[in-house]
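The sequence shown runs 1 to 514 under the UniProt record's numbering.
I have placed the structure first, in the form of structure tokens, so that the comments after it can refer back to it.
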Amino acid sequence: MNLSAVDRCSFVKKTPDCSMEDGFINYLYLAFCLLPPNLTPLTITFYVLRCERPFSPFLLSFCPNLSAISTSLHLTHNVAGVTFLALGNGAPDIFSAVAAFSHPHTAGLAIGALFGAGIFVTTVVAGSVALVNPFPVASRPFLRDVIFYMAAVFWTFVMLYRGSTTLGETLGYLSLYGVYVLTVIISAYIYNRQKLLRNMSDHNVAHIRTVKCVCDFVSGSEYSLLQTHSESTSQIFLSSLNPIDNRKWRRKSRRWKVLKVLKTPIEVLLLLCIPVVDPDRADRNWKRPLNCLHLITAPLVCVLTFQSGTYGSHMIQGELPVWLLTLLLGLFLSAIVFFTTKNETPPKYHPLFALMGFAVSAVLISAAASEVVSLLHMLGVVLSLSNTVLGLTLLAWGNSIGDCFADITIARQGYPRMAISACFGGIIFNMLFGVGLGCLLQMLKTQSNVQFESEGLLMWILAGALGLSLVLSFIIIPLRQFHMDRAYGVFLLVFYAIFLLIALLTEFGQIHMA
1 MNLSAVDRCS FVKKTPDCSM EDGFINYLYL AFCLLPPNLT PLTITFYVLR CERPFSPFLL
61 SFCPNLSAIS TSLHLTHNVA GVTFLALGNG APDIFSAVAA FSHPHTAGLA IGALFGAGIF
121 VTTVVAGSVA LVNPFPVASR PFLRDVIFYM AAVFWTFVML YRGSTTLGET LGYLSLYGVY
181 VLTVIISAYI YNRQKLLRNM SDHNVAHIRT VKCVCDFVSG SEYSLLQTHS ESTSQIFLSS
241 LNPIDNRKWR RKSRRWKVLK VLKTPIEVLL LLCIPVVDPD RADRNWKRPL NCLHLITAPL
301 VCVLTFQSGT YGSHMIQGEL PVWLLTLLLG LFLSAIVFFT TKNETPPKYH PLFALMGFAV
361 SAVLISAAAS EVVSLLHMLG VVLSLSNTVL GLTLLAWGNS IGDCFADITI ARQGYPRMAI
421 SACFGGIIFN MLFGVGLGCL LQMLKTQSNV QFESEGLLMW ILAGALGLSL VLSFIIIPLR
481 QFHMDRAYGV FLLVFYAIFL LIALLTEFGQ IHMA
């Protein structure tokens, strides 16, 4: 930019696209008006670091509550895996996409992030798993996931080519995931039925019953003997706000302890606002004083955070603010729960706290996603980069790097099939719900079809690379008898490196259409 600092600040103030209405902070105003120009490199570095894994604190409560909801609804592992647990794993990608679709000029950020994450997961993550632990792929689940993902990518490609999508197309796009879920359920039912017919015997049934009785005795009588000491209400409240496990603290390194101390204030704030129901614990993580406080803080956080706090200051009939009404209702419910429950036993309606924790976590993740989208939009303006390249690099890497390390760790522990299933199963959910839900919410908001702004050659390179990687996997892996070895892992990593090089050369004008 050849403009002076004053002219750039004036441009940011007068240009409607620079307003960034969906975030709490106007990053363009901060970068061009409040900070001196010589601090721009430092500001960019700080913003890039902030983009990396901004959702991790909220997922600590989001995923356990999803697990508790699926347990309360008595869902099978297959149904829970492709619905609630898939939402837990893909929440950053989905909420980032929904936030990006809120404006046409940032829709390319969502497409870039979803396509970029898809390429990253199906090449870098899958290739790393194959390098760590070569293994035979489960043929039918692999082919099923790849076929559905190719269908989702092709449908998205058609919408981008046309430049718009209608309500009927969007609903059909979302229903494709329903077909995928039904396919998973039916195939799992057929497989389990065949396995049961082969292996069922009276001896196995008797053994299962014996184990169940022993587990019931251990979880019932023996565990109840350990609970002879009862804590006071104040002790329960203080202990429930301690995010540090003393046994883990003694085992961890000094670096982990320093990071834990730095994260503790944020974790305490989240403990005060978000209820967590843990179905694996005997008391399901029932903390009477803290859960009563959640009835006050959780609704307030939702009201003050949803849509960047737009509804928090809204006045009801010009007299009563929404946040005050929410506070009064929370105090009323909290008093009822406190005086009608006990510290030792959770109430029958305790699973509803999981639903409340899920809602609060979703609102906070959505707010964080809006901030990340606004921040990346600012980086695109400052660095003269398109939304697509920011999506396929910073946003895709930030949302996928945790999954990468998790899947590699699972593969090292001897479960590479589980890791590769996570690679392909999760991104189907992210693609269909990220694009579909983002388009649907935008249609409901504007009462019109969603328009996609063309990002030029880079968008087609991105879509073509993802489609090519899936086609190659669909062809090569069956030809190799469904065995993923280190040679194929190296091939996938080289494929991603070539794609990234071509994408960056296209972004900087070295590759262009004639």
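All C-beta atoms, glycine included, are put in the ideal place defined by N, C-alpha and C.
Problem set entry | DSSP state of Thr165 mapped onto helix, strand, coil | strand
Problem set entry | Gln442, buried or exposed, once every other Cβ within 10 Å from all chains shown has been counted against 16 | buried
For this session: Answer yes if the region 274-283 comes into contact with the region 234-253, meaning at least three C-beta pairs across the two stretches below 8 angstroms, and no otherwise.
Result: no
Exercise. The alpha helix (DSSP H) spanning Asn291 covers which residue range?
Worked result: Arg288 to Thr305
Exercise. So Gly118 and Met431 are in contact, right, with Cβ under 8 angstroms, and what is the actual spacing, rounded?
Worked result: 7 angstroms
For this session: Give the secondary structure of Phe495 by DSSP, where H, G and I count as helix, E and B as strand, and everything else as coil.
Result: helix
For this session: Could you check the C-alpha separation between residue 521 and Glu231 for me, to the nearest Å?
Result: Because the chain is modelled from 1 through 514, residue 521 falls outside the range shown and cannot be assessed.
Problem set entry | Presumed contact (8 angstroms Cβ cut-off) between Ala411 and Asn133, rounded CB distance | 5 angstroms
Problem set entry | Cβ-based neighbour list, Arg486, same chain, cut-off 8 angstroms, excluding 5 preceding and 5 following | Ala130, Leu131 and Pro134
Problem set entry | Outcome for Ala367 when other beta-carbon atoms lying within 10 angstroms are tallied against a minimum of 16 | buried
For this session: Let me know the secondary structure DSSP gives Pro64 once reduced to three states.
Result: Reduced to three states, the DSSP call for Pro64 is helix.
Problem set entry | Where Gln317 falls: helix, strand or coil (DSSP) | Note: Gln317 maps to coil in three-state DSSP.
Problem set entry | Euclidean distance between Cα positions of Leu468 and Thr183 | Looking at the backbone, the Cα of Leu468 and that of Thr183 are separated by about 24 angstroms.
Exercise. Do Glu371 and Ile25 have their CB atoms nearer than 8 angstroms?
Worked result: yes
Problem set entry | Tyr180 and Ile428 closer than 8 angstroms at C-beta | yes
Exercise. So, using beta-carbon positions, are Leu493 and Ala113 closer together than 8 angstroms?
Worked result: no
Exercise. Any idea which residues DSSP pairs Pro136 with across the strands?
Worked result: His483
Problem set entry | Exposure label - Ala503; buried when at least 16 CB within 10 Å | buried
Exercise. For Glu507, is the classification buried or exposed, using 16 other Cβ atoms within 10 angstroms of its Cβ as the cut-off for buried?
Worked result: buried
For this session: Can you have a look at Phe499 and say buried or exposed, based on whether 16 or more other CB atoms are within 10 angstroms of its CB?
Result: buried
Problem set entry | Top-ranked residue by Cα proximity to Val303, from Leu109, Val363, Leu444 and Thr264 | Per the Cα distances, Val363.
Exercise. According to the neighbour-count rule (16 or more other Cβ atoms, all chains shown, within 10 Å of its Cβ), is Thr264 buried or exposed?
Worked result: exposed
Exercise. Three-state secondary structure (DSSP) at Val125?
Worked result: helix
Exercise. What residues in its chain sit with their C-beta under 7 angstroms from that of Ser386, if we drop five residues either side in the sequence?
Worked result: Gly108, Gly380, Glu455, Leu458 and Glu507
Exercise. When you compare each of Val125, Leu197 and Leu444 to Val98 by their alpha carbons, which one comes out closest?
Worked result: Leu444
Problem set entry | Identity of the residues DSSP links to Val450 by a beta bridge | Among the bridge pairs identified by DSSP, Val450 is matched with Thr165.
Problem set entry | Same chain, Cβ closer than 7 angstroms to Gly312, neighbours up to 5 away in sequence not counted | Val303, Leu304, Val322 and Trp323
Exercise. Excluding five sequence neighbours on each side, which residues of the same chain lie with their C-beta closer than 8 angstroms to the C-beta of Lys13?
Worked result: These residues qualify, in order along the chain: Tyr29 and Cys33.
For this session: Output the distance between the C-alpha atoms of Leu331 and Ile296, rounded to the nearest integer angstrom.
Result: 6 angstroms
Problem set entry | The alpha helix (DSSP H) enclosing Gly414, as first and last residue numbers | Premise fails: Gly414 is in no alpha helix (DSSP H) and is neither H nor E.
For this session: Just the C-alpha distance for Pro347 and Phe353, rounded to the nearest angstrom, thanks.
Result: Between the alpha carbons of Pro347 and Phe353 lies a gap of roughly 10 angstroms.
For this session: Between the Cα of Ala271 and those of Trp286, His294 and Val261, spot the shortest distance and give me the residue it belongs to.
Result: Per the sequence shown, residue 271 should be read as Leu rather than Ala. Among Trp286, His294 and Val261, the Cα nearest to that of Leu271 is on His294.
Problem set entry | Residue from Val125, Arg144, Cys404 and Ile236 with nearest C-alpha to Phe491 | Val125
Problem set entry | Option in Leu66, Asn291 and Arg8 with minimal Cα separation from Leu355 | For the residues Leu66, Asn291 and Arg8, the minimum Cα distance to Leu355 belongs to Leu66.
Problem set entry | Endpoints, the alpha helix (DSSP H) within which Cys273 is located | Arg254 to Cys273
Problem set entry | Minimum C-alpha distance to Phe339 - residue among Thr233, Tyr27, Phe120 and Ile316 | It is Thr233 whose Cα lies nearest to the Cα of Phe339.
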